[in-house]
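Engineer: Going letter by letter, the sequence shown gives residues 2 to 325 in my numbering.
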Amino acid sequence: MRFILAVVVSLLTNLSYADQWYKVDEATWLISPSAHARYIQVNQAVIHGQHCAAIINAHGDFAQLEQMINSVKNKLTVPVCYLFSTSAEQQQIQGMALLQRAFPSAKWYANDKVVKGFTQYQQGLIAKLSMLAQSLSISKQRANKLSDTEQNQWQAHLEIAQQRLSDWRTLQLTPPIAIKQSLSLDLGDYPLTLTASSAYSQGDMFIFSQTNGALFAGNTVDELPYVTHHQLAPWLACLQTFNQDNTIKWLLPAHGKPYKRVALARPITFIQALLNNVPATEFINKVTALYKIDEATQTRMAHYYQLAQRRLATTTESDPNAVL
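1. In or out: Val222 buried (at least 16 other Cβ within 10 Å) or exposed?
2. Alpha carbon to alpha carbon, what distance is there between Ser138 and Trp251?
3. Quick check on Thr29: buried or exposed, where buried means 16 or more other Cβ atoms within 10 Å of its Cβ?
4. Taking just the CA atoms, how far does Asn278 sit from Arg267?
5. Whole angstroms is fine: what's the gap from Leu237's alpha carbon to Gln21's?
6. Can you tell which of Val47, Phe63 and Ser86 has its C-alpha closest to the C-alpha of Asn75?
7. Taking just the CA atoms, how far does Thr171 sit from Gln164?
8. Which residue comes first and which comes last in the alpha helix (DSSP H) that contains Thr289?
9. Can you have a look at Ser140 and say buried or exposed, based on whether 16 or more other CB atoms are within 10 angstroms of its CB?
10. DSSP beta-bridge partners for Tyr260?
11. Please name the residue in His60, Ser72 and Pro192 whose C-alpha comes closest to that of Gln95.
12. Return the CA-CA distance between Tyr306 and Ala54, expressed in angstroms with no decimal places.
13. Flag this pair as touching only if the segment 179-198 and the segment 123-130 have three or more C-beta atom pairs under 8 Å; answer yes or no.
14. Expressed to the nearest angstrom, what Euclidean distance is found between the alpha-carbon atoms of Lys287 and Ala179?
15. Distance check for Leu159 and Asn213, CA to CA, integer angstroms please.
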């Protein structure tokens with residue numbers, strides 16, 4: 002019972018672990034989730050020029066996002082003028098509601114697909130907060146069954162959770178500016194290029210910094226791809242284009258550490274194997290021989306690969322003419 006209380010309250014208060022901030026250079030901070038959330042929350046970044054700053058990505062942990070927002074306000078000496086979403090994933094878009102409220106003058110850019118399907122994100126936000134409200138109500142009922150001492154220990158956390166949830170239910174998620182191809186922006190002697198594409202979420206956007214050669218590409222460039230659809234050829238083409246672009250020095254994925262362009266070989270190998278129907282065991286043996294991969298990573302890679310195979314098989318059965 003206490004574990005259930007802790008889980009619910011951690012979603013609504015600051016009981017969770019803090020994000021980690023890493024300063025890459027004078028203009029760039031990377032924000033990574035704590036170890037326990039590294040496969041749930043996505044990496045974020047803050048880039049600032051002489052005139053203003055940009056925040057890349059949001060996620061579904063609203064309590065953690067509020068901490069991040071407070072840190073941004075404390076660290077920056079220029080206003081936030083841009084918000085960027087690297088994918089059309091539901092939680093990443095919903096989290097932008099907090100950033101929009103915190104930085105009301107900032108312009109939010111995302112792939113055109115996000116704008117076209119925006120009603121589903123607004124409905125999803127309402128559903129998410131309703132679910133949290135139900136969970137909190139159940140937690141309060143269970144807390145009443147604890148001893149007086151235990152109730153006193155949890156009461157303050159539950160009150161904070163209720164206050165925070167009431168605040169979140171006033172959030173408004175408004176549509177971003179749609180990106181269909183490419184767009185150049187400037188933070189003040191710090192140019193950025195936005196490019197729309199169809200890869201991980203079929204509604205992706207990449208941010209390239211000409212100054213330090215960084216490509217912020219989110220889930221699309223995760224070293225261990227999480228496949229949710231069958232349109233893999235455009236995804237592979239996107240990765241191969243990045244791999245051939247000498248202006249890209251390093252990449253920030255949604256999950257895991259930033260890496261140099263040469264490491265794109267890993268997600269490329271993963272997607273190619275799926276397209277070529279390589280058996281899971283053969284694929285894992287090949288990758289293990291090519292790269293130094295520990296046992297835990299092998300296990301997770303096998304799971305992701307087999308999951309992708311099942312999803313692709315299901316898609317092919319339902320639509321024999323589906324093009325991979």
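C-beta: ideal position from N, C-alpha, C; glycine also. Note that the structure is a prediction, hence the values are computed from the model and not measured.
Structural biologist: Taking the structure as given:
1. buried
2. 46 Å
3. buried
4. 17 Å
5. 31 Å
6. Val47
7. 12 Å
8. Segment Ala281 to Leu291, the alpha helix (DSSP H) holding Thr289.
9. buried
10. Leu252
11. His60
12. A straight line joining the alpha-carbon of Tyr306 with that of Ala54 spans about 38 Å.
13. no
14. Cα atoms of Lys287 and Ala179: separation of roughly 40 Å, rounded to the nearest angstrom.
15. 45 Å
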